[in-house]
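Residue numbers (my numbering): 183 to 252. Note that the Cβ used here is the ideal one computed from N, Cα and C, for glycine as well. This structure is a prediction, so every number in the text was calculated from the model and none was measured. Written below as structure tokens is the structure these notes are about.
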């Protein structure tokens, strides 16, 4: 009977595909990593030369702009 696509009366229903725990953990880790990169870029822009997060300061001549913290 199964070759005709018929179901037996006591057969289990097929489960739908769902992400397992490792997929959820990998997605959460990726989201937190992106958030951490954005925060670090913003902090680097605050201390970088002329607001450039990728700029390098000269050794011995490091200048920080006033961040308003007392």
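Of the listed residues 214, 220 and 241, nearest to residue 235 (C-alpha basis): 220
Where does residue 191 sit, in a helix, a strand or coil, going by DSSP? Residue 191 carries a coil assignment under DSSP once its states are collapsed to helix, strand and coil.
Can you give the Cα-Cα distance for residue 206 and residue 196, rounded to whole angstroms? 22 Å
Leaving out five residues before and five after residue 223 in sequence, what residues of the same chain have Cβ atoms less than 8 Å from its Cβ? 235
Can you look up residue 214 in the DSSP assignment and give me helix, strand or coil? helix
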